[in-house]
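Structure first, then comments.
As structure tokens, this is what we get:
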């Protein structure tokens with residue numbers, strides 16, 4: 510059970526999970542070496558939060574093996590639990606208590622006490638720049654400070670693995686930068702975080718792209734961008750069909766519509782764009798060429814955008830629930 | 019360097035302490051779950067004092083032990099309803115990922131709620147002389163023991179119920195349909211004697227009835243048992259279960275309630291994760 514792999518902080522094999530009939534994870538494989546900052550990037554409903562909950566041991570994983578720091582998560586051994594620090598998306602802080610009180614209760618839940626606990630709280634408050642907020646009620650803190658307090662609580666027992674679920678949800682760009690410079694400054698800890706934000710994903714050493722419960726790609730942010738092998742061309746136009754037709758004829762390039770934008774990957778953009786402007790003229794509103802972003806990588810791998818929430822996912826589950834209820838009725 | 023298993027006592031104490039600190043900070047809760055029963059007592063004692071005299075006691079005196087039980091119940095409910103808030107706000111998730119047993123989490127919550135319930139009932143207990151209830155040290159200490167066990171039982175029941183609820187509205191439903199009848203049929207408000215036979219069976223099976231009886235036994239002792247000759251002459255008497263029965267049944271209730279709470283908390287489910 511233990512020491513399955515000494516160099517892996519997280520090792521997930523053939524993990525599947527379903528909420529009722531709705532499949533959230535579909536034979537997921539994931540290896541995170543010790544010391545890495547790994548981002549799990551995917552749209553809402555892609556299953557990344559389910560994966561997070563399983564790693565945090567809060568959801569049982571009936572199918573597949575999940576080991577964290579050499580321990581099977583199913584065992585929920587005290588050694589395992591005390592070496593994981595979890596920062597949930599929703600605040601696990603008591604809003605009616607001060608920052609220091611929250612840290613104190615949090616630390617006591619992890620077996621810390623007395624002067625050692627006080628010392629660690631002071632140290633964490635200092636490292637997270639929350640020293641002057643120690644006596645402030647959590648409900649009076651801004652979102653960024655609250656998230657920082659949350660991380661301070663998650664790190665108090667000096668975990669070897671820090672799990673962060675959508676860490677910068679609700680944070681402004683400044684607070685997001687502060688947060689990541691802090692997370693990157695923590696030594697001797699492996700970090701696994703989920704996100705649906707591209708700029709946040711860029712903070713990772715390596716990324717795992719998630720879609721519809723499956724891993725669709727993995728690599729460093731640069732490696733992933735390099736997969737596209739060129740630039741990304743985006744054209745805004747009213748008459749999509751006409752533009753697509755003309756571009757196909759002149760450049761042998763297939764534009765694909767994504768919302769209001771026509772898009773293609775090309776290796777020869779600098780040369781093409783001038784000719785394209787002449788060719789299309791007034792029939793387009795804008796032509797844009799850019800280095801591929803992680804958003805483009807995601808689009809490239811899955812065929813759809815990262816920030817678009819799949820409406821099917823929700824209605825599908827509702828439908829299946831209704832169906833289930835109906836089945837139950839018929840059984841009775 | 020890293021800490022291993024937290025001692026169960028440490029986790030229980032942390033959750034217990036948090037419960038008390040939060041309660042003291044939230045003044046509105048303090049006043050409502052204590053004030054409402056006292057208001058009831060004033061209202062009922064004021065209107066029924068001489069017209070409804072069960073066992074020959076003025077109503078204010080009869081209803082006194084019942085009011086103590088009501089205070090314990092209301093406070094236990096309001097204290098355990100926080101389980102639902104903790105779950106919704108995410109606090110519970112943070113507790114569930116700690117290396118502590120689920121039973122010690124349940125115990126911390128139950129002890130916290132029971133402490134508040136007991137504290138509130140003590141505020142009212144010192145008003146015994148005002149209600150015309152005989153009051154001296156030993157009976158008072160005995161009553162505190164009884165109240166402690168009742169507080170533990172009702173808090174255990176509260177945690178067991180609240181753990182399974184997704185909304186406070188649902189808990190209010192359970193309160194109105196389950197807990198209020200339990201209180202009404204506990205001889206807190208009126209004696210079982212003379213009630214419809216069906217109701218008197220229900221009352222005999224109601225565990226809280228034995229809690230209320232234990233408080234009466236603690237405060238009055240043997241005084242409640244009127245000799246047979248006097249009864250024959252038409253003396254009024256309360257038919258209160260004996261001390262061993264009342265205390266035994268209440269302790270059993272507390273053990274059962276904690277078992278239910280621990281069982282509910284122990285069950286891992288996808289509800290543990292906020293979605």
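Protein chains in written order, with this note's numbering: chain A, 510 to 841; chain B, 19 to 293.
The C-beta atom is built at its ideal place from N, Cα and C for all residues, glycine as well.
Secondary structure of residue i, DSSP reduced to three states
i: residue 717(A); result: strand
i: residue 93(B); result: helix
i: residue 258(B); result: coil
i: residue 666(A); result: coil
i: residue 572(A); result: strand
i: residue 112(B); result: helix
i: residue 790(A); result: helix
i: residue 286(B); result: coil
i: residue 677(A); result: coil
i: residue 585(A); result: coil
i: residue 567(A); result: coil
i: residue 757(A); result: helix
i: residue 537(A); result: strand
i: residue 523(A); result: strand
i: residue 118(B); result: coil
Classification of residue i by the beta-carbon crowding that lies within 10 angstroms, buried from 16 upward
i: residue 214(B); result: exposed
i: residue 46(B); result: exposed
i: residue 557(A); result: buried
i: residue 676(A); result: buried
i: residue 127(B); result: buried
i: residue 663(A); result: buried
i: residue 248(B); result: exposed
i: residue 605(A); result: buried
i: residue 740(A); result: buried
i: residue 159(B); result: exposed
Cross-strand partners of residue i (DSSP beta bridge)
i: residue 548(A); result: 702(A), 716(A)
i: residue 528(A); result: 531(A)
i: residue 607(A); result: 646(A)
i: residue 542(A); result: 517(A)
i: residue 171(B); result: According to DSSP, residue 171(B) bridges with nothing at all.
i: residue 723(A); result: 720(A)
i: residue 772(A); result: 743(A), 765(A)
i: residue 594(A); result: 671(A)
i: residue 728(A); result: 716(A)
i: residue 580(A); result: 577(A)
Neighbour flag for residue i against chain B, beta carbons, 9 Å
i: residue 597(A); result: yes
i: residue 633(A); result: no
i: residue 531(A); result: no
i: residue 615(A); result: yes
i: residue 601(A); result: yes
i: residue 566(A); result: yes
i: residue 591(A); result: yes
i: residue 730(A); result: no
i: residue 618(A); result: yes
Neighbour flag for residue i against chain A, beta carbons, 9 Å
i: residue 257(B); result: no
i: residue 116(B); result: yes
i: residue 113(B); result: yes
i: residue 131(B); result: no
i: residue 281(B); result: no
i: residue 234(B); result: no
i: residue 288(B); result: yes
i: residue 154(B); result: no
i: residue 107(B); result: yes
i: residue 229(B); result: no
i: residue 124(B); result: no
i: residue 128(B); result: no
i: residue 45(B); result: no
i: residue 216(B); result: no
i: residue 25(B); result: yes
i: residue 86(B); result: no
i: residue 210(B); result: no
Cβ-heavy atom distance, residue i to the ligand ADP, below 8 Å
i: residue 192(B); result: Among the components modelled here there is no ligand, and therefore nothing to report on the ligand ADP.
Any chain E beta carbon closer than 9 Å to residue i
i: residue 28(B); result: Annotation note: the requested chain E is absent from the structure, which comprises protein chains A and B.
If contact is defined by three or more beta carbon pairs under 8 Å, each pair taking one atom from either stretch, is the region 248-263 of chain B in contact with the region 65-84 of chain B? Under the 8 Å Cβ criterion, the region 65-84 of chain B counts as touching the region 248-263 of chain B, having at least three qualifying pairs.
Is the region 229-237 of chain B touching the region 258-274 of chain B, taking contact as three or more C-beta pairs under 8 Å? yes
Counting pairs of Cβ atoms below 8 Å between the region 584-600 of chain A and the region 29-43 of chain B, do you hit three or more? Counting C-beta pairs closer than 8 Å gives fewer than three between the region 584-600 of chain A and the region 29-43 of chain B, which falls short of the contact rule.
Evaluate the contact criterion for the region 54-69 of chain B versus the region 187-194 of chain B: three or more CB pairs, one atom per stretch, below 8 Å. no
Okay, do the region 572-589 of chain A and the region 639-658 of chain A touch, 3+ Cβ pairs below 8 Å being the bar? no
Given 8 Å, three or more beta-carbon pairs between the region 96-104 of chain B and the region 164-177 of chain B: yes
Would you be able to state if there are at least three C-beta pairs under 8 Å between the region 99-106 of chain B and the region 132-140 of chain B? no
How about the region 689-707 of chain A and the region 603-617 of chain A: do they share at least three Cβ pairs that are nearer than 8 Å? no
Answer yes if the region 712-720 of chain A comes into contact with the region 728-735 of chain A, meaning at least three C-beta pairs across the two stretches below 8 Å, and no otherwise. yes
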